[in-house]
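Q: Okay, so the sequence shown: first residue is 1 according to full-length UniProt numbering, each after it adds one. Below you will find the structure I want to go over with you.
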Amino acid sequence: MGWTLVDQADPNAEAGRLRLRDNHTTYLSLASSDGRVVLSDVLQRRNRALAALSVGGWGVKLRALQDLAIHPAHPRTNPLAVPSQEQYHVESNSDQPEVIFLRPDDKISFPDLANPITLVLKYDTSEVQVDSSVAGDAEVAESKDTNDASNGRTLKQSEQEEEESTDTDDEDLDGTDRRRTRSTPNPSLSRSEIVQETPTANRIYPVSEFSAGRGELRRDDTVAETVPETVAEESPEMDEGAEPNAALELEQNGAATPNDEVESRKEIDAEADTVATGAPSTVQNTASSAHNPTPSPPENEDEDHTILQAQSNLTAQRSPFVRITKTYGRQKRKIQLVDPQDEEEEEKEEEEEAFESAPAPPAKRARKSTNANEKNQPTTPTRRTSTPAKRKPRSSDTRSLMPSAETNVKNYWSTRTPKVAFSNSKAAEMKNLIRFLKSHHGTVVDTVQNDNSCNLLVVRDGSLRKSTKLLTALALGIPVVTDEWLPASARAGTFLPPADFVPSVVEQEIQVGFVLRKVWGVPQSRVLQGLKLFFTPALRRFYPEWAEVEEVCRVAGAEAVGAIKSANSALKEFGDEGPGEDVVFLGLEEGDPDARGLVEKGFRVFNREFFTTGILRGEVDVRSEEFRIKEVGGSQMEKGRSKGRKSRKA
1 MGWTLVDQAD
11 PNAEAGRLRL
21 RDNHTTYLSL
31 ASSDGRVVLS
41 DVLQRRNRAL
51 AALSVGGWGV
61 KLRALQDLAI
71 HPAHPRTNPL
81 AVPSQEQYHV
91 ESNSDQPEVI
101 FLRPDDKISF
111 PDLANPITLV
121 LKYDTSEVQV
131 DSSVAGDAEV
141 AESKDTNDAS
151 NGRTLKQSEQ
161 EEEESTDTDD
171 EDLDGTDRRR
181 TRSTPNPSLS
191 RSEIVQETPT
201 ANRIYPVSEF
211 SAGRGELRRD
221 DTVAETVPET
231 VAEESPEMDE
241 GAEPNAALEL
251 EQNGAATPND
261 EVESRKEIDA
271 EADTVATGAP
281 STVQNTASSA
291 HNPTPSPPEN
301 EDEDHTILQA
311 QSNLTAQRSP
321 FVRITKTYGR
331 QKRKIQLVDP
341 QDEEEEEKEE
351 EEEAFESAPA
361 PPAKRARKST
371 NANEKNQPTT
381 PTRRTSTPAK
391 RKPRSSDTRS
401 LMPSAETNVK
411 NYWSTRTPKV
421 AFSNSKAAEM
431 KNLIRFLKSH
441 HGTVVDTVQN
451 DNSCNLLVVR
461 DGSLRKSTKL
471 LTALALGIPV
481 VTDEWLPASA
491 RAGTFLPPAD
501 FVPSVVEQEI
511 QVGFVLRKVW
521 GVPQSRVLQG
531 LKLFFTPALR
541 RFYPEWAEVE
551 EVCRVAGAEA
561 VGAIKSANSA
571 LKEFGDEGPG
581 EDVVFLGLEE
591 GDPDARGLVE
601 KGFRVFNREF
611 FTTGILRGEV
621 DVRSEEFRIK
631 EVGGSQMEKG
641 RSKGRKSRKA
């Protein structure tokens, strides 16, 4: 089952059938060697590209690379009235290529070729054999309903019938063996009628004077239930002189009537609505009056006393009330059984406790009434409810409310085109991938700067190299993906979301102590906020591209970035008291005389991992001793103390 392109000139030739792969993009090109139309996953330079075909669950999508014409299989015009054949010309345009969806039996022709060719799009469905010869023979052999003539059928006759039945799909469906087997019984209409005529239990109870009395007593809180006419006709009616105790015995033994079930459901629903909305329930009062063990006497005083006694026995054995307690949060509602007699006592106790526990309002805040009648009226105490104070949101709560990086880039390419920079990636050397990037309106940039010239950085899969491109991309919040993103996008025929190609550096995260997902796609503009960074001359010469290092530090939030002339000039500028915590000196641990001079004078000097690892972690700590230089060129210094000078604050 799949899509196939067939040559119209010779549709039966196997060499002219081009099969399209599902969920794949294939290029249709003209071979330069023999002039045949071939399919290839990647465009060959020596072949002439004709079109790109993408196959998915939605159908076949065609993108023209050369001028072509589409002949629909089912034209809209009347061929008798309009003799010209309906067709649609698709022109190739590199800037804005035209894409069209194809239907089965549509024809594609290329009029500009030296040898014009027409291809027909076919959809091959898998043939489902309705009646298998092997399974059919087995079922016929096991069935006891078949006659001797069918059992004597030879294998040759079966094969002939099978060949005749598979000529066309319609004949196959009409020629299916209609003999019924035991494995798939088809019950007749008479069986279903027998099931309806033989119910297991009689659930319709006789109508008597007792049931009529109960209906009058509980008319307000009952819901009429419609009984099917077919069942009502079969239920026998009780004679006037029949014994009425039969129905009473059923209810006293535990058999519930339909009215009881409807009433209990109504009480539960009304209680649930009361808990949800907070409005007082009126059904409970009505139900409690109905369940009262001592009902009011009937209006007709001459009625037999046995009716009143029977009603008392029925109401005394009914099920207790159902209480649905109100809960908060995500807890489920608890359903408890409450005795009707204890319900009123519990409510009174709760009201008394609420009245006693409610504090009296302060006298100074009492409202002064000018009306004499209001002064004489007694004041009713009210319960004071304390409102929870508004808690100031913590930083962790604020961070959890922010949209994640994956959500921000889920539709990353819907409003922009890729501006890709490469850092230590092999994908930049693959010309086919770069051609695909540019053909889909993507561009390649050399640097990563804070000017919106780059919106994606491609790196090699593996440990991250702390290059200026990577640090600038992380500081700007630019997504960083592995070099598999570009080949996968080329195979899919469209640019895939960057969130699916985040580098996996678990070992490096454990060693360095950072989480890439935490800083991926999130701007790190506050990592070095308020700090003034001064590099030693040796560390400045360590970076050939000094301007890029300055750009990284500024993007990360540094207030000032520069390089000192020497250690003596720094000592003269800051004096004996030394700089504050907002001034950070960066140098090398080996072969850096200026860093040695600053350390000897008690200045705090850090290595270059201070700002590179800080951007990976998303934070820096100027009071930490992790990246502080304590020894330069083999000279061991005491932490926070210089030789020949008094102690300084670290």
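Even for Gly, the Cβ is constructed at its ideal location relative to N, Cα and C. Quantities reported herein were computed from a predicted structural model and do not represent experimental measurements.
(1) With burial defined as no fewer than 16 other Cβ atoms inside 10 Å of the residue's Cβ, what is the status of ILE629: buried or exposed?
(2) Return the CA-CA distance between GLY434 and PHE603, expressed in angstroms with no decimal places.
(3) Which of the three DSSP states is assigned to THR615 in this structure?
(4) Around the Cβ of GLY521, are there at least 16 other Cβ atoms within 10 angstroms (buried) or fewer (exposed)?
(5) Could you round the C-beta distance between ALA475 and ILE615 to whole angstroms and report it? I think they count as a contact, below 8 Å.
(6) Are the beta-carbon atoms of ARG465 and LEU539 separated by less than 9 Å?
(7) Can you list the alpha helix (DSSP H) stretches of 4 or more residues lying completely in the UniProt domain "BRCT" (429 to 503), in chain order?
(8) Pop quiz: VAL445 and ALA421 are said to be a contact at Cβ under 8 Å. What is the actual Cβ separation, rounded to whole angstroms?
(9) Measuring CA to CA, which of ALA31, LEU53, VAL622 and SER92 is closest to THR25?
(10) Is the stretch 592 to 601 touching the stretch 566 to 575 in the sense that three or more CB pairs, one from each, lie closer than 8 Å?
(11) Taking the continuous alpha helix (DSSP H) assigned at PHE574, which residues delimit it?
(12) Under the assumption that ALA560 contacts LYS532 (Cβ atoms under 8 Å), give the Cβ distance between them as a whole number of angstroms.
(13) Which first and last residues belong to the beta strand (DSSP E) in which PHE585 is found?
(14) Using a Cβ-Cβ cutoff of less than 6 Å, which residues in the same chain neighbour GLY493 once the five nearest sequence positions on both sides are dropped?
(15) Using beta-carbon positions only, say whether VAL505 and SER467 come within less than 9 Å of one another.
(16) What's the C-alpha gap between ALA558 and SER489?
(17) Applying the criterion that 16 or more other CB atoms from any shown protein chain within 10 Å of the CB defines a buried residue, is ALA499 buried or exposed?
(18) Given this structure, state the Cα-to-Cα distance separating ARG19 from ASN47, to the nearest angstrom.
(19) So, at 7 Å on beta carbons, what are the nonlocal neighbours of VAL549 in its own chain, with the 5 sequence-adjacent residues on each side left out?
(20) Does the Cβ-Cβ distance between ASP461 and GLU484 come in under 9 Å?
(21) Taking all protein chains shown into account, do 16 or more other C-beta atoms lie within 10 angstroms of the C-beta of ALA51, making it buried, or fewer, making it exposed?
(22) From this set, ALA114, GLN66 and LEU62, which residue's C-alpha is nearest ASP106's C-alpha?
(23) On the premise that GLY618 lies in contact with VAL512, defined as a C-beta separation below 8 Å, what is that separation, rounded to the nearest angstrom?
(24) Where does GLN524 land, buried or exposed, given buried means 16+ other C-beta within 10 angstroms?
(25) Quick check: the Cα distance between ARG36 and VAL552, rounded to an integer number of angstroms?
(26) Determine the contact status of ASP67 and SER92, defining contact as a CB-CB distance below 9 Å.
(27) LEU456 to ILE70, Cα distance in whole Å?
(28) When you compare only the Cα positions, how much space is there between GLU626 and VAL632?
(29) Can you tell which of SER423, TRP58, GLY57 and LEU528 has its C-alpha closest to the C-alpha of PHE610?
(30) Just the C-alpha distance for HIS89 and LEU437, rounded to the nearest angstrom, thanks.
(31) Does DSSP put VAL527 in a helix, a strand or coil?
(32) Counting C-beta neighbours from all protein chains within 10 Å, is the total for PHE101 16 or more, i.e. buried, or is it exposed?
(33) Quick one, which of ARG623, PHE534, LYS426 and LEU119 has its alpha-carbon nearest LEU30's?
(34) CA-CA distance, SER425 and LEU470?
(35) Taking all protein chains shown into account, decide if TRP58 is buried (16 or more other Cβ within 10 angstroms of its Cβ) or exposed.
(36) Report all residues from its chain with a CB closer than 7 Å to the CB of GLY530; omit the five preceding and five following residues, and keep chain order.
A: In terms of the structure at hand:
(1) buried
(2) Reading off the sequence, residue 434 comes out as Ile, not Gly. About 50 Å.
(3) Position check: residue 615 holds Ile in this sequence, whereas Thr was assumed. The answer is helix: DSSP assigns ILE615 an H, G or I state.
(4) buried
(5) 6 Å
(6) no
(7) 431 to 439, 468 to 476 and 485 to 492
(8) 5 Å
(9) LEU53
(10) yes
(11) 567 to 574
(12) 4 Å
(13) 583 to 586
(14) THR25 and SER54
(15) no
(16) 37 Å
(17) buried
(18) 19 Å
(19) THR468 and TYR543
(20) yes
(21) buried
(22) LEU62
(23) Between GLY618 and VAL512 the Cβ distance is about 12 Å, and since that is not below 8 Å, they are no contact.
(24) buried
(25) 55 Å
(26) yes
(27) 38 Å
(28) 15 Å
(29) LEU528
(30) 27 Å
(31) coil
(32) exposed
(33) LEU119
(34) 12 Å
(35) exposed
(36) GLU559 and ASP582
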